[in-house]
Amino acid sequence: MKNIWYIFKKEIVVYFTTPVAYVVMLAFLVISGYLFHFYFSFVRVSDMSKVFNNMIIVGMLISPILTMRLLSEEKRANTYELLRTSPVSLYQVVVGKYLASIVIFLSGLILTLSYVILLGVYGSPDYGVILSGYIGFILTISAFLSIGLLASSLSQNQMVAAIIGFALIFLLWFIDVLSGILANDFLSNMLNEMSFLNHFSTFLSGIIDIKDVSFFTFWIIAMLTITTKVLELNTWKN
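End of the sequence shown sits at 254 in this note's numbering; the numbers just go up one at a time, nothing left out.
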């Protein structure tokens, strides 16, 4: 845990000494604020499900940007040999960097709680639906960040890593579209179960299903494990 904490603190400092985190979080807050204003003032909805539904698209875009530097920089600087000989394991490096990206994201998301306060003052929101929406949103973005971290381990170019991350996230979000093309019911059902969109949508209806929680948890663990294996392979090559 001490090693993970060390990596985590190091990455947090780097995040806050570069403009990327500030720009990304500002963009997220501006867009989410506009969405809330639009749905609350013009559409006059009394919950945040539609806001979450649109905010998640923004999350798809910013997740690879938040993670693109984390491992591609190590690859570019050719520091894998140092990582291999250090007392910190590669898995601890991956987890520490991943947790730092989550905290940066949460630091922006927590400010959106002001929307909930406004809903409580001027409307009669269903707090249960809002809570499940936040849980689903955090789990989904956490999975996006783990995918972005994997993409960062695949290229030494940050922009290429961001593009790979976005492509993977986009595919997993809309993969259920392919189910309508396939004639095979088994494959069609499997693609539906793999769709991030389908599992995220359940949370927006106010339902916290263990199946959906397990789905995103599985993806997070799987992506972090695969990322570690990629680093081990790169270290061996070097």
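We put the beta carbon where it would ideally sit given N, CA and C, even for glycine. This structure is a prediction, so every number in the text was calculated from the model and none was measured.
**Request:** Write down the C-beta distance between F4 and A116 rounded to the nearest angstrom, noting that I regard them as a contact closer than 8 Å.
**Result:** Past the boundaries of the shown model lies residue 4; the chain is included only from 17 to 254, so the question cannot be answered.
**Asked** S169 and V246 look like a contact to me (Cβ under 8 Å); what is the Cβ gap, rounded to whole Å?
**Response** Walking along the sequence shown from the start, residue 169 turns up at place 153. Walking along the sequence shown from the start, residue 246 turns up at place 230. So it is a contact: roughly 4 Å between Cβ atoms.
**Request:** Starting from P35, follow the alpha helix (DSSP H) in both directions and report where the run begins and ends.
**Result:** For the purposes of this step, residue 35 is identified with residue 19 of the sequence shown, where counting begins at 1. That run of the alpha helix (DSSP H) goes 35–54.
**Prompt:** Between the segment 61–74 and the segment 165–184, do three or more beta carbon pairs fall short of 8 Å?
**Reply:** no
**Asked** Nearest to I47 by alpha carbon, out of L127, S211, V229, F234?
**Response** In the sequence shown, counting from the first residue as 1, residue 47 sits at position 31. Cα-wise, what sits closest to I47 is L127.
**Asked** By how many angstroms is the C-alpha of I242 removed from the C-alpha of T218?
**Response** On the sequence shown, residue 218 is found 202 positions in, with the first residue counted as 1. On the sequence shown, residue 242 is found 226 positions in, with the first residue counted as 1. Using only the alpha carbons, I get a separation of about 27 Å.
**Prompt:** Since V259 and I81 are thought to touch, with beta carbons under 8 Å apart, how far apart are those beta carbons, to the nearest angstrom?
**Reply:** Residue 259 is absent from the structure shown; the chain starts at 17 and stops at 254.
**Request:** Quick one: residues in its chain with C-beta nearer than 7 Å to the C-beta of N157, no 5 flanking neighbours on either side, listed in chain order?
**Result:** Here residue 157 is taken as the residue at index 141 of the sequence shown, counted from 1. Per the sequence presented here, residue 157 reads as Ile, with Asn not at that position. The answer, listed in chain order, is G75, S79, F121.
**Request:** Evaluate the contact criterion for the segment 150–167 versus the segment 227–236: three or more CB pairs, one atom per stretch, below 8 Å.
**Result:** yes
**Message:** Below 8 Å on the Cβ atoms is my contact criterion, and I expect D63 with I146 to pass it. Report the Cβ-Cβ distance as a whole number of Å.
**Reply:** Your numbering for residue 63 matches position 47 in the sequence shown. Your numbering for residue 146 matches position 130 in the sequence shown. Yes, D63 and I146 are in contact; Cβ-Cβ is about 6 Å, under 8 Å.
**Request:** Return the first residue and the last residue of the alpha helix (DSSP H) that I23 is part of.
**Result:** Along the sequence shown, read from residue 1 onward, the residue named residue 23 stands at position 7. 18–32 is the extent of the alpha helix (DSSP H) around I23.
**Nearest residue (CA-CA) to N70, options R85, M84, F54** = Along the sequence shown, read from residue 1 onward, the residue named residue 70 stands at position 54. The residue with the shortest Cα to Cα distance from N70 is F54.
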